[in-house]
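Reviewing the structure listed below.
In full-length UniProt numbering, the protein residues as written are 1 to 446.
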């Protein structure tokens, strides 16, 4: 998807909505879907997956694994089979690996291939090609891999894997599950013990799932820090995986139901891993009525059905320590804060400036265009809420900058407005949530 290709753009005006009611199920968790395919490809034997997210990002992961020798079949909606080649068994790809818009695919593959004796070139769309890879390149280079990135440490990028790689002990300079995961995945095919030290905990799907696949991995608390150790060379066993619903996708419907009077919506089968569920905690602090029903454990991950009812929200000061557990949900939190009573202050969010877009700047501009009162600071936004009144809405189209979360967040803003909000392009939504518009249209009662 080229940033300059405007002829193919799909604008849509999201209009004020009646209550959101009934029961919906959001697609499978994107983080778990990526890892299910990757770890299945690194196991020996057949891994079977249900509930896989079939968005463009995850399909890019599947295509790259096929290009390196794994056998991957779609057997039905959300049902997939992966016949793996074993750790160290991936083959030299014949062409460049196209990651599309997926930063997760790119950074995790850089880790996997860093300890494979092969050369690979990574390419992506305009948005992904602007995202920095240096924070992954640095530790993987210490393990022996060689990188030739574009200026600024971006894609297109060529990797030459280490043979053999050397284990390292690495303290994360910034909280990043992708960097942590890249190092651990490189450690799978590296003799010895690879160690990652996390001063701030980040989402832990990689650790949970690698242990489930049989990796010798253990986590300890040392001096207030989280220390993860992995023993290579690993042998992974195939699994049966049921992917829970993505909390990042559920977030848009939860916020919409909180904001729109009369809403009473059940979102089924939502993954509530504590390293991912920070948004729901913050929304409850703001006065949001969010009930967890039928709490259960599926594949090592906590899951529940969320019942969300319209609530009068109040502004809060968001603790920056919670940011890693909701980093992708801040755009839609900004929408919720725009309609709350009083002021919401967010800090410590520099990471949002290097996502698919600069999400602080883009959301500040988008919400101002919809009538919200926003102050943009270097590391966050300060938002003066309307006190529950709908946003005025706007005339011109909101620039989404090829960012799926901007598009979906502003769709929610449109539902909670007087005149509606137009987004310039709905196509990026397909990277993570292809059924978003259909689900939204079905849940919203006129």
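Just so it is clear, CB atoms sit at the ideal spot from N, CA and C, and this is done for glycine as well.
Keep in mind that this is a model prediction, so the values were computed, not measured.
In its chain, beyond the 5 residues on either side, 346, 347, 349 have a beta carbon closer than 6 Å to the beta carbon of residue 380.
Ranked by Cα distance from residue 432, the first of 101, 260, 202, 42 is 101. Counted as a single uninterrupted DSSP element, the alpha helix (DSSP H) harbouring residue 61 occupies residues 56-67. Residue 192 and residue 121 have their C-alpha atoms spaced approximately 27 Å apart. One alpha carbon belongs to residue 159, the other to residue 441, and they sit about 44 Å apart. Considering only 33, 304, 89, 250, the residue with the shortest C-alpha distance to residue 53 is 33. In this structure, the beta-carbon distance from residue 270 to residue 244 falls below 9 Å. Taken in chain order, the complete alpha helix (DSSP H) segments of 4 or more residues contained in the stretch 199-284 are 205-212, 247-259. Within the same chain, 315, 344, 383, 385 come within 7 Å of residue 337 by CB-CB distance, once the 5 residues on both sides are set aside.
The residue among 393, 356, 124, 354 with its C-alpha nearest the C-alpha of residue 368 is 393. Among the bridge pairs identified by DSSP, residue 81 is matched with 48, 73.
The beta carbon of residue 238 is closer than 6 Å to those of 43, 45, 46, 47 in its chain, skipping five residues each way along the sequence. Taking the Cβ atoms as the reference, residue 208 lies roughly 17 Å from residue 176, outside the contact range of under 8 Å.
CA-to-CA, the gap between residue 262 and residue 35 works out to about 38 Å. Burial state of residue 218 is exposed, judged by a 10 Å Cβ sphere holding fewer than 16 other Cβ atoms.
DSSP places residue 294 inside the beta strand (DSSP E), whose first and last residues are 289-298.
Sequence-distant Cβ neighbours of residue 253 in its own chain, meaning closer than 8 Å and more than five residues away, are 20, 24, 26, 265, 267, 308, 439, 440, 443. The C-alpha of residue 354 is placed about 25 Å away from the C-alpha of residue 8. If you check the CB distance, residue 287 and residue 249 do not come in under 9 Å. With a 10 Å radius around the Cβ and a threshold of 16 neighbouring Cβ atoms, residue 28 comes out buried. Between residue 87 and residue 65, the CB-CB gap reaches or exceeds 9 Å. Between residue 39 and residue 236 the beta-carbon gap is near 6 Å, inside 8 Å, which marks them as a contact. Remark: three or more beta-carbon pairs, one from each stretch, lie closer than 8 Å, so the stretch 166-184 and the stretch 199-215 are flagged as touching.
Every alpha helix (DSSP H) of 4 residues or more that sits fully in the stretch 355-422 is shown, in chain order, as 359-369, 404-415.
Leaving aside the five residues that flank residue 412 on each side, the residues in its chain whose CB is nearer than 7 Å to its CB run, in chain order, 252, 255, 256, 332, 335. For residue 111, the secondary structure class from DSSP, reduced to helix, strand or coil, is helix. Assignment of beta-bridge partners to residue 160 by DSSP yields 119, 146.
Using a Cβ distance threshold of 9 Å, residue 104 and residue 133 do not count as a contacting pair. A contact is defined here as three or more CB-CB pairs under 8 Å, and the stretch 145-156 fails this definition with respect to the stretch 413-421. Burial state of residue 363 is buried, judged by a 10 Å Cβ sphere holding 16 or more other Cβ atoms. In this structure, the straight-line span from the alpha carbon of residue 330 to that of residue 116 is close to 36 Å.
DSSP lists 267 as the bridge partner or partners of residue 24. Of the candidates 151, 67, 73, 22, the residue whose Cα lies closest to the Cα of residue 49 is 73. In this structure, residue 166 keeps its C-beta atom at 9 Å or more from the C-beta atom of residue 202. One thing to note: residue 182 has its Cβ within 9 Å of the Cβ of residue 140. For residue 112, the closest alpha carbon among the candidates 199, 92, 275 is that of 92.
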